[in-house]
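Asks: Please see the structure below; I have some questions.
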Amino acid sequence: MNAPRPVVTRFAPSPTGYLHIGGGRTALFNWLYARGRGGKFLLRIEDTDRERSTPEATAAILRGLTWLGLDWDGDVVSQFERRDRHAAVAHEMLARGTAYKCFSTQEEIAAYRAAQEAAGASYAVFQSPWRDADPATFPDAPFAIRMKAPRTGETVIDDKVQGRVVIQNATLDDMIVLRSDGTPVYMLAVVVDDHDMGVTHVIRGDDHLNNAARQQMVYDAMGWEVPTWAHIPLIHGPDGKKLSKRHGATGVEEYQAMGYPAAGMRNYLTRLGWAHGDAEIFSTAEALQMFDLEGIGRAPARLDFKKLENTCGHHMAMADDAALLHELTAYLGAAGQPALTALQVDLMAKALPVLKKSAKTFPELLDKASFLMIQRPIVPDAKAAEALDAVSRGILKSLTPQLQNASWTKEALEPVLTEAATANGIGFGKLAAPLRAAIAGRTVTPSVYDMMLVIGREETIARLTDAVA
RNA sequence: GGCCCGUUCGUCUAUCGGUUAGGACACCUGGUUUUCAACCAGGUAAGAGGGGUUCGACUCCCCUACGGGCUGCCA
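Residue numbering for the first sequence is 64 to 532, as defined by our numbering.
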């Protein structure tokens with residue numbers, strides 16, 4: 064019995080922008096798969112395209128992953144820095160006879176295709192005249208190294224998500240592995256890096272499914288063990304088209320700035336395109352237990368903000384108070400809003416156990432907490448001002464001295480308020496409205512008891528006094 | 001154009017030849033309630049279309065339609 068190799072997965076984004084939400088999900092799947100099996104999750108930045116790669120983009124990707132709670136093992140690998148190794152492998156392929164020098168210029172290749180099209184072909188794979196050329200005929204000119212790919216037969220990708228995918232070798236050309244300027248091509252770099260990094264499972268977007276065939280040829284050419292493939296469908300927008308900027312947020316950091324809690328985001332993203340029976344709301348620890356490649360669907364999934372919000376609501380409610388307060392602070396920073404004052408932090412800590420139960424996002428939480436964020440004198444909005452008519456103000460005024468003596472617990476406050484209502488011949492609702500207006504300056508707030516308990520007796524009485532003055 | 005992948009309620013999905021096709025979000029109705037929520041109960045809602053295979057197909061095969069991807073000395 065051979066012990067199975069420990070799982071090694073990786074996330075390999077191009078640093079050409081922010082961390083796309085689809086990329087975030089791909090990273091999450093890789094992370095869940097590795098971490099759930101005691102394996103390693105590696106991070107590699109595919110920065111071989113010097114024109115488009117920026118350090119800012121790399122930083123943004125790292126921030127996005129960190130926010131999602133996806134930690135990687137070891138150092139971040141730069142693909143560009145490994146270019147010498149890639150080139151060495153290309154030359155090794157040359158030595159093995161699995162690749163050859165191609166002196167065809169780009170003009171010649173274009174001309175070849177044009178000629179084929181003129182001859183009626185709709186598309187033609189380029190067939191280099193140098194594939195089997197005698198070295199004696201080699202010109203003294205720059206050359207690219209092309210893989211000597213099989214021209215007949217088929218390449219089979221045994222994919223954990225897509226199943227058995229068969230590609231006819233005749234439809235693939237001899238891809239270039241090393242450019243004429245000596246730089247490696249992405250297709251070669253990925254294979255060399257994945258092999259050198261010991262990656263056992265390649266979990267990535269299905270836009271790479273066709274590429275897998277050519278990459279598998281490189282593995283074969285080098286005599287390396289082919290990793291387990293798992294090509295997952297891309298995420299689409301609500302209209303079913305590929306998710307793009309016109310759908311709204313596509314960057315992971317935008318979701319943070321919109322105030323979705325990371326745990327909810329993880330849960331939602333895990334469930335998007337993956338299922339485990341009826342499991343809907345689960346912790347990350349539970350996700351780690353359940354996640355497998357089997358549960359990944361084959362069809363692209365659409366983003367549904369309503370469900371995202373609902374999922375986040377559950378996580379908000381079950382979050383640990385201290386952790387939630389900490390994340391709220393981080394949210395304010397990410398959203399570019401002022402930090403909480405010491406007093407607000409104090410009040411927020413008291414209010415959180417109640418507020419978190421009904422909020423789905425941080426902005427919503429903050430809105431429900433507005434009664435503790437504001438300062439006297441409180442300026443009521445139009446509707447609140449209406450609730451504070453002369454009669455109501457009179458009732459509030461008579462209530463103040465009674466609050467002075469009541470002990471400040473919900474149990475003690477309840478009879479005080481209900482008795483005040485009956486004494487004035489009104490229902491509790493009629494009393495709560497002006498109270499709410501006086502305490503919060505608005506008509507939609509948490510329970511009046513909860514607000515009073517959070518801000519305390521002194522502040523409550525001060526606000527009531529202001530309102531009736 | 002060629003090749004590859006996909007298609008179950010509006011959305012995410014379960015089902016792995018035999019089910020009244022299940023769950024969740026959303027939506028609608030009712031309940032609870034000091035407001036908004038939250039919460040509780042109930043309801044509407046699906047196998048893209050057409051051929052096969054089979055005693056029996058959402059499940060297997062073929063065709064069509066639609067969607068997506070790849071087809072580069074980009075990644």
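Ideal Cβ positions, reconstructed from N, Cα and C, are used throughout, including at glycine. Fair warning: this is a prediction, and the values are worked out from it, not measured in the lab.
1. In three-state terms, what does DSSP make of W32?
2. Where does K305 sit, in a helix, a strand or coil, going by DSSP?
3. According to DSSP, R242 sits in a beta bridge with which residue or residues?
4. Which whole-angstrom value is the C-beta distance of F491 and T506, which I expect to be below 8 Å?
5. Straight-line CA distance for I458 to Q438?
6. Let me know the secondary structure DSSP gives Y81 once reduced to three states.
7. Within 10 angstroms of the Cβ of F354, are there 16 or more other Cβ atoms? Answer buried if so, exposed if not.
8. Report the residue ranges of all beta strand (DSSP E) runs contained in full by the stretch 218 to 274; include only those spanning at least 3 residues, in chain order.
9. Express the C-alpha separation of P213 and A233 in angstroms, rounding to a whole number.
10. State the Cα-Cα distance for the pair I208 and H264, rounded to the nearest angstrom.
11. Less than 8 Å between C-beta atoms, sequence neighbours within five positions excluded: which residues of the same chain meet that for M64?
12. Please say whether M260 and L105 have beta carbons closer to each other than 8 Å?
13. Runs of 4 residues minimum, wholly inside the stretch 72 to 117: which ones carry the alpha helix (DSSP H) assignment?
14. Using 8 Å for Cβ pairs, my map puts G87 next to G127. What's the rounded Cβ distance?
15. Could you check the C-alpha separation between E357 and A385 for me, to the nearest Å?
16. So what does DSSP say about S461, is it helix, strand or coil?
17. Go ahead and label R361 buried or exposed: buried means 16 or more other beta carbons lie within 10 angstroms of its beta carbon, across all protein chains shown.
18. Let me make sure I understand the geometry here. Which of A153, Q190 and L133 has the alpha-carbon closest to that of N167?
19. Distance check for P202 and D270, CA to CA, integer angstroms please.
20. Is it true that the stretch 70 to 83 meets the stretch 119 to 134, where meeting means three or more beta-carbon pairs spaced less than 8 Å apart?
21. Could you work out which residue in V281, R267 and L95 is closest to M156 when comparing CA atoms only?
22. Is E109 buried or exposed, if buried means 16 or more other CB atoms sit within 10 Å of its CB?
23. From L498, P324, A276 and D221, pick the residue whose C-alpha is nearest to that of E390; which is it?
24. Quick check on DSSP: helix, strand or coil for I437?
Replies: With the given structure in hand:
1. Residue 32 lies beyond the residue range present for the chain, which begins at 64 and ends at 532; the question has no answer from this structure.
2. strand
3. For R242, which the question treats as bridged, DSSP gives no partner whatsoever.
4. Going by Cβ atoms, the distance from F491 to T506 rounds to 16 Å, so no, they are not a contact pair.
5. 23 Å
6. coil
7. buried
8. 226 to 231, 239 to 241 and 264 to 268
9. 8 Å
10. 28 Å
11. Here the model assigns M64 a pLDDT of 41, short of 50, so the residue's position is not dependable, and the following value carries that caveat. Nothing listed; no residue qualifies.
12. yes
13. 84 to 98
14. 6 Å
15. 36 Å
16. helix
17. exposed
18. It is Ser, not Asn, that sits at residue 167 in the sequence shown. Ranking the options by Cα distance to S167, first place goes to Q190.
19. 38 Å
20. yes
21. V281
22. buried
23. P324
24. coil
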